[in-house]
Structures are given as C-alpha cells and as structure tokens.
Ligand code: EPU
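Numbering (our numbering), first residue to last: 2 to 420.
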C-alpha cells in the first residue's frame, strides 16, 4: 500500500497538461466490443479503472496493444460474455459492457454492482431500458443474465438522466432493429464523445448533448479508425481549484473550457482570474478567497465529481458557504477527514455548511473514494504545521493520472511513499 505525503504552503505555478477523461475512455473501450477488427483509441489515460476494464475484456478474448500513442483494441475473437464479481466490485462502470455485449452476442452475464461509498447507485434504469428493448433478464447468484436475439428499438424515458445508463442504451441501440429514442437522456460531454465514436463506426445517432437522443439501428458497424477521447474535465477542475486554493498561477493545457462553464463561473465568484486561450485556460488564485454556495447538478450544472474538491476550497474561504449534493446521497464522506485537518463543516442531510478558516492543518488522513482523495490532497497542499499523509490512495489511482507528479511539477512538495 502506498500513501501520498505533502508539505503544504507552496503557491503552485507553471503549466500542466490534462489527460484523457476516464469517464469517456471507459465507454469508448466498451464500445470496441460492438464489432471485430482493430479500433484505435487515443488519449486513453493510464489508470487503475482502465486496467480493470482491460482485464475483464481480455478474459473475453479481446486483445489490447499500445502503439504510437494509440490503444489498439481488437474484439474479433470475442468468445465470452461474463464480467465477474471480483472485478466488477472494484469498478462499477463494468455495467457499461452490458449494452455492447447484448448488441454483439445477444447475451451477457454481468455481476450486479453493489452499493459504493458515495451511494446505493442502483442500475435499475439500465435494466428497465433493456427490458423495453426486448431483453430477457434474470438475476442469479448476484449476476444479471441477459439475453435477446436482436435488441429492438424502443421509446425510453429515463426517470433520472443517468450517465452510464444513457451510454449503455446508446451502445445497445446502435445495432438494434428500428429506432430508439432516449428521453431525459444525460447531456454530459462524455455522452457526445461516445456518440462521436459510435458515428465514426457507422452508427446513426442524433441529438446527443440534448435531452432527447435518437438512434436508428444498423446491421453492421466498422471498427473505429481513430478516436481521441475528450480531456478530463474533472482533472481540469481539480487543477483550477488548486490554483485558487494556493493563490497560484496555473496554465491548464489541453482542457476544454466549454465543458467547464459552471466551474469557471463559480471560481470567478470566488475571486479567481480565469483566461481562456487557444492552449487551454490560465487560472490565477485570488489573494482573498470568497465564499460561494454550490449545488451539484447534471451537466451543464456544477459536477458532483468536483464537489469534494470545491468544499476544500471553501474550507479556507472568507465567510460561510452551503454546498448541496443533489446527485449522490452519501457524497460527504470526505468531511470527517477534512475535519481532522481543522475544517469547520456541518452536515444536514444533503447540505454542508462550511465556515471558512484561515488555514488547514496537516494531519494523516484516509482517502475513501476517488474524488474524496483529490480533495484531501488539495487540503494537504495548503495545510500548515507539518506533513499531511493521505492513505489508501488506491482510490486516487483509479481515476487521476500521475496527480502527485503533476502537482510536483507545479512546485508542490508532494511525493509517494510505501505506507
Ligand atoms: N441512478 C438510479 N438508477 C440507475 C442509474 C442511476 O437511481 O439505474 C441514480 C444514481 O444512484 C445517482 C444518479 O442516478 O443518484 C446519477 O447517477 P448516474 O447513473 O448518472 O451515475 P453513473 O453513470 O453511475 C457517472 C460517472 C460518475 C459521476 C456520475 C454523475 C462514469 C463511469 N461514472 O456515474 O463518476 O459521478 O456519472 O455525473 O461515467 C467518478 O468519476 O468519480 C464518478 C463517480
């Protein structure tokens, strides 16, 4: 086991390059199951979740090769349709394999993901949609067994605009018989990225990025010749918040400011100066950080995946702020660790009341989920009086590529040690 050690107090300065988005890369890799041949994906980050999906798909007969910056995925010899519990329990996004397996093989056996630290996170809406598309399903020994000769297009209304649910249905629908309409679809940039990839494979999709997506099924698809996944907006937002917190000056290269409107807006209210140019975004932290309230919302609202990081910023702001978490029911697990660093936060249901203080104090803390890990590292970057040690950083490694190295390049005193 490893830990990250931080001696806080440095203003971060310099340039950082943003990696490809985890949450775009995972559905992109899953989509390679839809048809055999060589798919070439670019910008796939080196992360634990990516390794996990590779292992699951390798066990199904899919091959992966890294070649000149591309991940070459070949599912020509796909010979199995099972995603086992041992792997699914480490990565819930494995449910993304259901749609493509049904579309390609007409069957799938996927371990039902359990709850996770941030909430119950059911997949009932994925399953309901596939049932509407003619899939027969039953649950046995914790596995979803799903079967259909050929998926049938359907009108699907999602009660909640679920991100992976929308992606799963899109991947099922591209080869279905007839037209599928997904209403109240998720509008996240990762949805558009997946639609672009699927279109490059010959799929007929319209309306992605709006709340109604229409997909005309086709019989055959071709492999994706070249698809580059979008940059990670959550990683970008984490560096933006780091600049604001440390009163730093960071040039965030290769990011997509148009994916970050809500975050830019809030950070400007906090007092940060943000300039967008053709390289990316320059963020300069304010002398005095102002308190600002946030409500997490589906895109284009403020992302839940940056809530914990923004809370850390509010912990050292002048005044009080309220953060409402509207997406997941238990996404304040970082609070008790932040309190160990002196943060003043009170939780009432889905609201956190934060009273800013001048400084946070270094302490050993424990990461509890991916984004919570990032919030603790941010706290460590500004914490005074000693060293902050963030334990259980396997959570961090699921979704941030070389985060501590990037912070180190920006001047932070941060390193990884054996715990
Ligand atoms: N929900 C249901 N039923 C369903 C599906 C979702 O009740 O069938 C509920 C969830 O429990 C949650 C809400 O709907 O309360 C939204 O969940 P959603 O399905 O949109 O989340 P997800 O698709 O499981 C993706 C990201 C998450 C991100 C959320 C919200 C991937 C692989 N994961 O999850 O990313 O927080 O959308 O934007 O794309 C992360 O990267 O740290 C992460 C958790």
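The beta-carbon is built from N, C-alpha and C at its ideal position, and this holds for glycine as well.
- At least one heavy atom of ligand 1 lies closer than 7 Å to the C-beta of residue 306.
- Judged by their CB atoms, residue 62 and residue 80 are nearer to each other than the 8 Å cut-off.
- Burial of residue 234 is indicated by the presence of at least 16 other C-beta atoms within 10 angstroms of its C-beta.
- The continuous stretches of alpha helix (DSSP H) do not include residue 252, which lies in the beta strand (DSSP E) extending over residues 250–254.
- Of all alpha-carbon atoms in 176, 403, 111, the one lying nearest the alpha-carbon of residue 240 is that of 403.
- A heavy atom of ligand 1 is found nearer than 7 Å to the CB of residue 164.
- Judged by the Cβ position, residue 372 qualifies as a neighbour of ligand 1 at the 7 Å threshold, a heavy atom of the ligand being closer than this.
- For residue 303, the shortest separation between its Cβ and any heavy atom of ligand 1 does not lie below 7 Å.
- The DSSP assignment places 164–174 as complete runs of the alpha helix (DSSP H) inside the segment 164–198, in order along the chain (cut-off: 4 residues).
- Between residue 335 and residue 382, the gap from beta carbon to beta carbon reaches 8 Å or more.
- At least one heavy atom of ligand 1 lies closer than 7 Å to the C-beta of residue 329.
- One alpha carbon belongs to residue 314, the other to residue 148, and they sit about 48 Å apart.
- Secondary structure of residue 24 (DSSP, three-state): helix.
- The beta-carbon separation of residue 265 and residue 258, rounded to 7 Å, stays under the 8 Å limit for a contact.
- Listed in chain order, the alpha helix (DSSP H) elements of length 4 or more contained wholly in the segment 291–334 are 308–316.
- Excluding sequence positions up to five before and after residue 132, its CB lies within less than 7 Å of the CB of 138, all in the same chain and listed in chain order.
- The alpha carbon of residue 99 has as its nearest neighbour, out of 173, 401, 326, 355, the alpha carbon of 173.
- The distance from the Cβ of residue 308 to that of residue 332 is about 6 Å, consistent with a contact at the 8 Å cut-off.
- With a cut-off of 7 Å, the C-beta of residue 278 is classified as distant from ligand 1, since no heavy atom of the ligand falls inside that distance.
- In terms of Cα proximity to residue 48, the closest of 410, 397, 418 is 397.
- For the pair residue 50 and residue 23, the CB atoms are nearer than the 8 Å cut-off.
- Not one heavy atom of ligand 1 falls within 7 Å of the beta-carbon of residue 335.
- For residue 53, no beta strand (DSSP E) segment is defined; the enclosing uninterrupted segment is the alpha helix (DSSP H) at 49–59.
- If you ignore the 5 residues before and after residue 370, its C-beta comes within less than 6 Å of the C-beta of 118, 119, 396, all in its own chain and listed in chain order.
- Going by beta carbons, residue 228 and residue 261 fall outside the 8 Å limit.
- If you look at residue 243, you'll find it in the alpha helix (DSSP H) that goes 234–246.
- Fully enclosed alpha helix (DSSP H) runs of no fewer than 4 residues occupy 99–106, 125–133 of the segment 90–155, in order along the chain.
- By the Cβ neighbour-count rule, residue 348 is exposed, with fewer than 16 other Cβ atoms within 10 Å of its own.
- Excluding its 5 nearest sequence neighbours in each direction, residue 217 has C-beta neighbours in its own chain below 7 Å: 180, 205, listed in chain order.
- If you check the CB distance, residue 366 and residue 341 come in under 8 Å.
- At the C-beta level, residue 88 and residue 53 come within 8 Å of one another.
- Where residue 359 is concerned, there is no enclosing alpha helix (DSSP H), because DSSP gives it neither an H nor an E.
- Comparing alpha-carbon positions, the option among 272, 249, 277, 247 lying closest to residue 255 turns out to be 277.
- Each of 151, 44, 21, 128 was checked against the Cα of residue 170, and the nearest Cα belongs to 128.
- In the structure shown, the three-state DSSP call for residue 83 is strand.
- The beta carbon of residue 18 sits closer than 6 Å to the beta carbons of 254, 255 from its chain, once the five residues preceding and following it are set aside; these are given in chain order.
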